[in-house]
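Remarks on the structure that follows.
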Amino acid sequence: MNFQEILEKVEKYRIQYNNTLKDKIIEGMHQQIDEILQDTIEYKQSNDILTKIENYIDYFITSRIGGIFVLISLLSLILWITITGANYISEFLSNIFASIEVFLRNSSNLLRIPPTISSFLIDGIYKSLSMVVSVMLPPMAIFFPLFTFLEDLGLLPRIALNMDKLFKMVGAHGNQALTMMVGFGCNAAGVISTRIIKSPKERLIAIITNNFMPCNGRWPLLIMISTLFLAPLISESLNPFLGSLIAALALVASVIIGLFFTLIVSLGISKSLKSIPSFYILEIPPYRKPNLLRIIYTSIIDRTVFVLMRAIYMAIPAGAFVWFLNYFNLSTPIINFLTPFGKMFGLDGVIILSYIIALPANELVIPSLLMLYTNAKNFIDIEEFKSIYQILSTYGNWDWKIALSVMLFSILHNPCTTTILTIYKETKSIKWTAIATLLPLSIAFTVLFILNNLILKHL
Amino acid sequence: MITWIIISIFTLITGMIIIINIKNRNSRIKKEQKEDIMKFLYKKSKENQKVNFESLQLFSKIKTNKLTKILEEMLKERKIKYDEDNIKLTLDGEKEAKEIIQKHRRIEKYLFEETSIDFEEIHDVAEKQEHNEEIKINTKNTYECIDPHGDIITGQETSSYPLLKIIKDIKNIEQIYKITHIEDEPKEIYKKIVCLDLSPFDYIKIKNISSNSITLLTDKGKIIELDYITAGNIFVNKEENEEITKMFEEIEKNITRITTLNELKLKEKGKIIALSFYIRGEERRRLMELGFIKGSLIEPIYNNMLGKDPRVYKIKNTMIALREEQARKIYVIRLN
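First to last, the protein sequences are chains V and E. So the first sequence is numbered by my numbering: it starts at 676 and just counts up by one. So the second sequence is numbered by my numbering: it starts at 261 and just counts up by one.
See the structure below:
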């Protein structure tokens, strides 16, 4: 029998079985597997009390009150631990980096390296590198192990199940709720985590919209600006408690804005993307005892180090770029060139330039803003909010309108280069990478243009 | 002087590009029209209907002088011939028409299996893409041989007739038929048929024929009332097979217990009897891998916090969540 004859025979069978040959084969396989399992595997009588407890937990999580309670309490707990814990580690790391810097300066003096080169290496490259590491590493190193713990416990798929209805309305997958939560930690890690969505169309939606979740590189900016510029709108005499409450509210509001745009963009993409298959199947794993080693491995090696290495690759050219700008006094003409463009959207040239500099990592926005306003030679550390307020309001003429525009821009603007690189690695398509980059940027500019020219102008 | 030369060269080049584009576009439109005419002639010849110039014009909606030109060209290419007033395909033309129809069916099959385009849109996309020369289809690759409407891709048209004809003969009640083909035009009616989950290769039993509708029982235990217009789009063949008759007896016995998965109450055990034809491609593969096959036991165990959609089912000792519209396409029989 040659190949052609076999094919003809197959065709005959297909027609005979009404095109359900594939189904018949799978049914046969399952039957065979069941037979083998029956002969070889003996199921252990499951522990009654344990299964009962698991059932009760499941009922609690999937009930209306329990579901909302678990979702909100877990999310806020994780965020709180991350924010407070990250401060300590961040401080510790920056101390270490400062002492290394002293050592580097001394050794370059000893070796008689020309000052230009040593300044380039230390002020340009080393400073930006240490800045990115000390700001980016701590939140990730806390957030991801916590998150992976919940993942390993088997709790997260149940949260995805609870959130599915919201995402179904816009044609997305319930698991997108989980990838968005990872995106809170870091958008690049969020993009990687979309691998849990098996359906290609929904996965693409999750990748493109992940950027609308403010990652922890953007939290400091959102918190700082809202305390400095939005809180005084309500009470002049900055009551510290009221101030922090307003900052928290601002963070929640920015998450809600991000969620709103996530849903809208998801809807748009799912309506226009029909050439990609889509389906919804969510496997709910049983509860497991978390495996500590696995948690540490997946959270530290797979997520934290993975993202951090990419961030470091991107931070080096950015540091060099800023150093060149300031060393040759190029920043002023560029700022002057960008100012009219920025003014159209309620921003100014310095803000635009610092967002260009901060392409590698959103953490760089605040330091480069301050540096460009004060014409400093390298990234300075943020110490006192009061002095930052003075810098921004005197050099930059900031008021609450500019602050609001910057906050909105921070939520909606393009992903950082680390994320862009990750999107390319995950989608393997220049087209979708470009869309994922330019779509948020154009949305940001459109929203700011409308806000500033139609609403804020008349206030 | 130099600027003038540059400007004139520039306009010349753009003009040429525009002219070439228009020419390309015209030739493409002409090719599409020719192919549509061939398909039309082939279809009519299969139905033993004669085609003359007027009926062709009525179908193609091309102006008289243009149509004459096209037909003259096709005559020169020996694709058509005149038999007195009637236009017929030559052997060459018939072969080409067959190829186009095959291509159309293969594209439909592809769109059905590998994309998430709505069922009623598939025909329109295929109609456009069948003229696209860039889509090359490997004809040796015969492993997919039946298109989503039940036609054999490479084969001849099967002899089947619309459900509508049966109605005229009242004797046909309690007779079993097999659906062989579902017409995908017009869209609204096709959409209705898909919603009713009638698909090619389903067996149906005629239960009642009234003056404006026809009631039937499907092999998935569903009782459906069809109006005459919809019935005209479903093509069937008589089926006289012992097994199938027995199957229907079984179904009729259990008709109250047969339902879809989404209708099962929590903690109510069921056994899957069939998956809908319209669970397609990757989704079907995944579901079957996970054990959603004929004969599997299944039990909805809990809802989510916002309601019944999606719901978690226990199947083969694992927990799987499905959305409501998926569960609606899975047929189960309640177990007591």
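For each residue, glycine too, the CB sits at the ideal point set by N, CA and C. Quick caveat, the model's predicted, so the values are computed rather than measured.
* First through last residue of the beta strand (DSSP E) which encompasses Ile700/V -> Position 25 of the first sequence, counting from 1, holds the residue named residue 700/V. Looking at the DSSP string, Ile700/V is not in any beta strand (DSSP E); the run it does join, the alpha helix (DSSP H), is Leu696 to Thr715.
* Asked: Measuring CA to CA, which of Asn514/E, Asn497/E, Asn501/E and Glu559/E is closest to Asn522/E?
  -> What you label residue 522/E is simply residue 262 of the second sequence in a count that begins at 1. For Asn522/E, the nearest C-alpha among the options comes from Glu559/E.
* To do: Using only alpha-carbon positions, find the residue among Leu897/V, Ile898/V and Ala847/V that is nearest to Lys873/V.
  => Along the first sequence, one-based indexing puts residue 873/V at 198. Nearest of Leu897/V, Ile898/V and Ala847/V to Lys873/V, Cα basis: Ala847/V.
* Contact between the stretch 855-871 of chain V and the stretch 883-892 of chain V: three or more CB pairs below 8 Å? -> yes
* Measuring CA to CA, which of Asn281/E, Glu445/E and Ser459/E is closest to Ala534/E? -> The count along the second sequence starts at 1 and reaches residue 534/E at position 274. Nearest option by C-alpha distance: Ser459/E.
* Asked: For Glu729/V, which residues from the same chain have a beta carbon less than 8 Å from its beta carbon, with the 5 sequence-adjacent residues on both sides left out?
  -> On the first sequence, residue 729/V is found 54 positions in, with the first residue counted as 1. So the list reads Pro961 and Tyr962, once near-sequence residues are dropped.
* Beta carbon of Asn891/V nearer than 8 Å to that of Pro820/V -> Taking the first sequence and counting its residues from 1, the one referred to as residue 891/V is at position 216. Taking the first sequence and counting its residues from 1, the one referred to as residue 820/V is at position 145. No; because the gap between Cβ atoms is not below 8 Å, this pair is not in contact.
* Asked: Which residues in the same chain have their Cβ closer than 6 Å to the Cβ of Val810/V, if we skip the five residues on either side of it in sequence?
  -> The count along the first sequence starts at 1 and reaches residue 810/V at position 135. Correct list, in chain order: Glu1038.
* Tell me the DSSP bridge mates of Asp343/E? -> One-based indexing of the second sequence puts residue 343/E at position 83. In DSSP, Asp343/E forms a bridge with Asn346/E.
* Asked: Of the residues that make up the stretch 346-368 of chain E, which ones have a beta carbon closer than 7 Å to any beta carbon in chain V?
  -> none
* C-beta neighbour in chain V for Val496/E, strict 8 Å -> On the second sequence, position 236 is the one that residue 496/E refers to. It does not; no Cβ of chain V falls within 8 Å.
* Determine, using beta-carbon pairs with one atom in the stretch 949-960 of chain V and one in the stretch 372-380 of chain E, whether at least three such pairs fall under 8 Å. => yes
* To do: Drop a sphere of 10 angstroms on the beta-carbon of Gly1017/V, count the other beta-carbons inside from all chains shown, and report buried for 16 or more, exposed for fewer.
  => Residue 1017/V sits at position 342 when you count from the first residue of the first sequence. Flag for Gly1017/V reads buried.
* Locate the beta strand (DSSP E) running through Asp560/E, then write down its first and last residues. => Numbered from its first residue, the second sequence carries residue 560/E at position 300. Sequence check: residue 560/E is Pro here, not Asp. Start and end: Leu557 to Asn564.
* Buried or exposed: Ser471/E, going by 16 or more other Cβ atoms within 10 Å of its Cβ? -> Here residue 471/E refers to the residue found at position 211 of the second sequence. Ser471/E comes out exposed.
* Using the C-alpha atoms, what's the distance from Leu983/V back to Ile1057/V? -> The residue you call residue 1057/V lines up with position 382 of the first sequence. The residue you call residue 983/V lines up with position 308 of the first sequence. Bear in mind that the predicted position of Ile1057/V carries a pLDDT of just 49, short of 50, making it too unreliable to give a figure here.
* Asked: Is Leu423/E buried or exposed, if buried means 16 or more other CB atoms sit within 10 Å of its CB?
  -> In the second sequence, counting from the first residue as 1, residue 423/E sits at position 163. Under this definition Leu423/E is a buried residue.
* Asked: So with Cβ pairs under 8 Å, would you call Asp827/V a contact of chain E?
  -> For the purposes of this step, residue 827/V is taken as residue 152 along the first sequence, with counting starting at 1. Answer no: the Cβ-Cβ gap between Asp827/V and chain E never drops below 8 Å.
* For Asn286/E, verify whether its CB is less than 7 Å away from any heavy atom of the ligand HEM. => No copy of the ligand HEM appears in this structure; indeed no ligand is present at all.
* Inter-residue Cα distance where the pair is Phe537/E and Ile690/V -> Translated into the one-based positions of the second sequence, residue 537/E becomes position 277. Translated into the one-based positions of the first sequence, residue 690/V becomes position 15. So the alpha carbons of these two residues sit roughly 15 Å apart.
* To do: Alpha carbon to alpha carbon, how far is Val927/V from Tyr731/V? Give it in angstroms, no decimals.
  => Against the first sequence, residue 731/V aligns to sequence position 56. Against the first sequence, residue 927/V aligns to sequence position 252. Roughly 31 Å between the two C-alpha positions.
* To do: Report, in whole angstroms, the separation of the C-beta atoms of Ile987/V and Val808/V, which I expect to be a contact under 8 Å.
  => Along the first sequence, read from residue 1 onward, the residue named residue 987/V stands at position 312. Along the first sequence, read from residue 1 onward, the residue named residue 808/V stands at position 133. Indeed, because the Cβ distance is near 7 Å, the residues count as touching under 8 Å.
* Asked: Starting from Pro570/E and walking both ways along the beta strand (DSSP E), at which residues does that stretch end?
  -> As a position in the second sequence, residue 570/E is number 310, starting the count at 1. Here the beta strand (DSSP E) through Pro570/E covers Gly567 to Ile575.
* **Collapsed DSSP secondary structure at Ile1057/V in the structure displayed** => The residue you call residue 1057/V lines up with position 382 of the first sequence. Since pLDDT at Ile1057/V reaches only 49, below the 50 mark, its modelled position is unreliable, and the value read off the structure follows with that caveat. In the structure shown, Ile1057/V sits in coil (DSSP, three-state: anything other than H, G, I, E or B).
* Once you ignore the five residues that flank Leu526/E on each side, which residues in its own chain have a CB closer than 6 Å to its CB? -> Working through the second sequence from its first residue, we reach residue 526/E at position 266. Hits under 6 Å: Pro560.
* **Min CB distance Leu750/V to chain E below 8 Å** => Residue 750/V sits at position 75 when you count from the first residue of the first sequence. Chain E, which has no Cβ nearer than 8 Å to the Cβ of Leu750/V, makes this no.
* Cβ of Arg546/E within 8 Å of any chain V Cβ -> Taking the second sequence and counting its residues from 1, the one referred to as residue 546/E is at position 286. Taking Cβ atoms only, chain V reaches closer than 8 Å to Arg546/E, which makes this a yes.
* Asked: Is any beta-carbon of chain V found at less than 8 Å from that of Asp569/E?
  -> Looking up residue 569/E in the second sequence gives position 309. At least one chain V Cβ lies under 8 Å of Asp569/E.
* For Asp798/V, which of helix, strand or coil comes out of DSSP? -> Counting from one through the first sequence, the residue named residue 798/V turns up at place 123. Looking at Asp798/V - three-state DSSP - the assignment turns out to be helix.
* **Option nearest Ser765/V by Cα separation, candidates Leu1044/V, Gly933/V, Met806/V and Glu776/V** => Residue mapping note: residue 765/V aligns to position 90 of the first sequence, counting from 1. The residue with the shortest Cα to Cα distance from Ser765/V is Met806/V.
* To do: Would you check if there are 3 or more beta carbon pairs closer than 8 Å linking the stretch 1108-1115 of chain V to the stretch 1082-1099 of chain V?
  => yes
* Bridge partners - Tyr421/E, DSSP secondary structure assignment -> On the second sequence, residue 421/E is found 161 positions in, with the first residue counted as 1. Tyr421/E is bridged to Val496/E.
* Asked: Does any C-beta atom of chain E lie closer than 8 Å to the C-beta of Pro1115/V?
  -> Taking the first sequence and counting its residues from 1, the one referred to as residue 1115/V is at position 440. Closer than 8 Å: no.
* To do: Output the boundary residues of the beta strand (DSSP E) element that contains Ile436/E.
  => Residue 436/E sits at position 176 when you count from the first residue of the second sequence. Note, Ile436/E: beta strand (DSSP E), Ile436 to Ile442.
* **Same chain, Cβ closer than 7 Å to Met1139/V, neighbours up to 5 away in sequence not counted** => Absent from the model: residue 1139/V. The displayed extent of chain V is 676 to 1134, so no value can be given.
* Listed in chain order, which residues of the stretch 546-566 of chain E have Cβ atoms closer than 9 Å to some Cβ of chain V? -> Arg546, Leu547, Met548, Glu549, Leu550, Gly551, Ile553, Lys554, Gly555, Ser556, Ile561, Tyr562, Asn563, Asn564, Met565 and Leu566
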